[in-house]
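Asker: Numbering (the numbering used here), first residue to last: 105 to 581. Got a structure for you, questions after.
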């Protein structure tokens, strides 16, 4: 070979990657992407260059001005975990605030948190108003630590905001701070989601009254302690009456009711009719008895566009939830095999499942003998990767680990009461449970049963109080 005619592209991919890894990731992406060379395009998208972008250290990069001046829209996936962050204030300064400071002409910012329950949220309390400030940002999607942080972002520091999508980690922890808020004439689209139950429902209508020009509204709320049903009448009087220009309303609102108050009308049909009365025809109502004294009443718009739902009981609408990947099921009555058949059919993309039910699937006098074996239809959950049965009876662990009842080919994380796991797997020797456990990489187990621990605290998969008896094993296969 004539060495004087060897070009960069003559080198094999392995050698090219070695060379490119010596360079700044940002330089590689900017120089090689979209230059009409498919091979370089593929190499530049290798995880080494796309997983971490060192924006903070780009002062010396020749591309600093390009990134600072030319980028107007930015989507960032935040895989950081809040447990690893010492101070949310420092994290806010060093990460969230730095983004707005660095990108001078940013108008669209979307920060995606794959692990919404554990992602470090923006925290602005006790920080200067200039910490997270922009006079040109129009679209923002972000997670914040509490409701006060949501209000801070609407106090004028983002004066041109037209679209605001916010996930609030905790509305319950909000303070009594009086925020400087006027009408928000520029805000046209607003989304507020919070997956933890909270008592201060009146905070929501109080906020929405500042948004008379809103055209699109999305709410995901879980309310407790108010002992009031959120029905169509409540929605009209607390929300819609203040938004004459509203074109679309997407929602899931659940309320936890103490059923010792017999004056409340908990009829699903009655609640549904109140929604129809205000023009909300494409909706559904769910009434779920969580215990002997607590019932959850939920109203939701259709189609259901959220990726999270729960707690769901034995009775739920016969519809397909195409976007739900996280599901929590809980009921005062046992879950039968047929219930999980319905779950598989209604939630085709289910990835994370938490089961809270301490009642056995089959009562003692109905247990089957070898002479009277009941045939089950085998259920397939093709996308399920995480199963939490730490708040459930061992029958539900049997339901998912026994390959004659269920097939879970992607199950990699299992959260259980250790004794139940030993019983169901016959001390890890049972052949029927071997296949469904084959890919489990992370085992979280508890020495004590969690019948009453964590249930009712949060509504998320893996959310709630974690007792000290928790142990975790990472399985290297």
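Cβ coordinates follow ideal geometry from the N, Cα and C atoms, glycine included.
Helix, strand or coil: which one does DSSP assign to residue 67?
Answerer: This structure cannot speak to residue 67, because the chain is shown only from 105 to 581.
Asker: Assuming residue 266 and residue 235 are in contact, meaning their beta carbons sit under 8 Å apart, how far apart are those beta carbons, in whole angstroms?
Answerer: Not confirmed; about 22 Å, so no contact.
Asker: Is the beta carbon of residue 207 sitting closer than 8 Å to the one on residue 231?
Answerer: No, they are not a contact pair.
Asker: Nearest CA to the CA of residue 303: which residue from 117, 314, 345, 251?
Answerer: Here the closest residue by C-alpha is 251.
Asker: Starting from residue 595, trace the beta strand (DSSP E) in both directions and tell me its first and last residue.
Answerer: Any answer about residue 595 is impossible in this case: the structure gives the chain only from 105 up to 581.
Asker: Buried or exposed: where does residue 345 fall if 16 or more other Cβ atoms within 10 Å of its Cβ makes it buried?
Answerer: exposed
Asker: Answer yes or no: the CB of residue 539 versus the heavy atoms of the ligand ADP, is any distance below 7 Å?
Answerer: The model on display carries no ligand, and the ligand ADP is accordingly not part of it.
Asker: Should residue 529 be labelled buried (16 or more other beta-carbon atoms within 10 Å of its own) or exposed?
Answerer: buried
Asker: Beta carbon of residue 334, beta carbon of residue 246: below 8 Å?
Answerer: No, the Cβ-Cβ distance between residue 334 and residue 246 is not below 8 Å.
Asker: Closest by CA to residue 291, which one among 257, 276, 275?
Answerer: Checking every option, the nearest Cα to that of residue 291 belongs to 257.
Asker: To which residues of the same chain is residue 451 closer than 7 Å at the C-beta, ignoring the five residues directly before and after it?
Answerer: 425, 428, 431
Asker: On the criterion of 16 or more Cβ atoms from any shown chain inside 10 Å, does residue 294 qualify as buried, or is it exposed?
Answerer: buried
Asker: Do residue 193 and residue 222 have their CB atoms nearer than 8 Å?
Answerer: no
Asker: I need the boundaries of the alpha helix (DSSP H) containing residue 539, first residue and last residue.
Answerer: 538 to 541
Asker: Three or more beta-carbon pairs under 8 Å between the stretch 391 to 402 and the stretch 343 to 358, yes or no?
Answerer: yes
Asker: Could you tell me the boundaries of the alpha helix (DSSP H) in which residue 310 lies?
Answerer: 307 to 312
Asker: Exposed or buried, residue 420, counting other C-beta atoms within 10 Å across all chains shown (16 or more means buried)?
Answerer: Counting every other CB atom within 10 Å of its CB across the protein chains shown gives residue 420 a total of 16 or more, marking it as buried.
Asker: By a C-beta neighbour count over all protein chains shown, 10 Å radius and 16 as the cutoff for buried, is residue 119 buried or exposed?
Answerer: exposed
Asker: Roughly how many angstroms lie between the CA atoms of residue 122 and residue 459, to the nearest whole one?
Answerer: 47 Å
Asker: Indicate whether residue 461 and residue 486 have their beta-carbon atoms separated by less than 8 Å.
Answerer: no
Asker: In chain order, what residues of the same chain have a beta carbon less than 8 Å from the beta carbon of residue 175, not counting five sequence neighbours either side?
Answerer: 207, 209, 210
Asker: Can you check whether the CB of residue 308 is closer than 8 Å to the CB of residue 340?
Answerer: no
Asker: Whose C-beta lies closer than 8 Å to the C-beta of residue 216 among residues of the same chain, with five residues either side of it excluded?
Answerer: 179, 180, 181, 182, 245
Asker: Can you tell me whether residue 343 is buried or exposed? The criterion is at least 16 other CB atoms within 10 Å of its CB, across all chains shown.
Answerer: buried
Asker: Quickly, what does DSSP pair residue 213 with across the bridge? List them, please.
Answerer: In DSSP, residue 213 forms a bridge with 178, 244.
Asker: What first and last residue would you give for the alpha helix (DSSP H) that runs through residue 588?
Answerer: Outside the displayed span of the chain (105 to 581) sits residue 588, for which this structure offers no information.
Asker: Excluding the five sequence neighbours on either side, which residues of its own chain have a C-beta within less than 8 Å of the C-beta of residue 116, listed in chain order?
Answerer: None.
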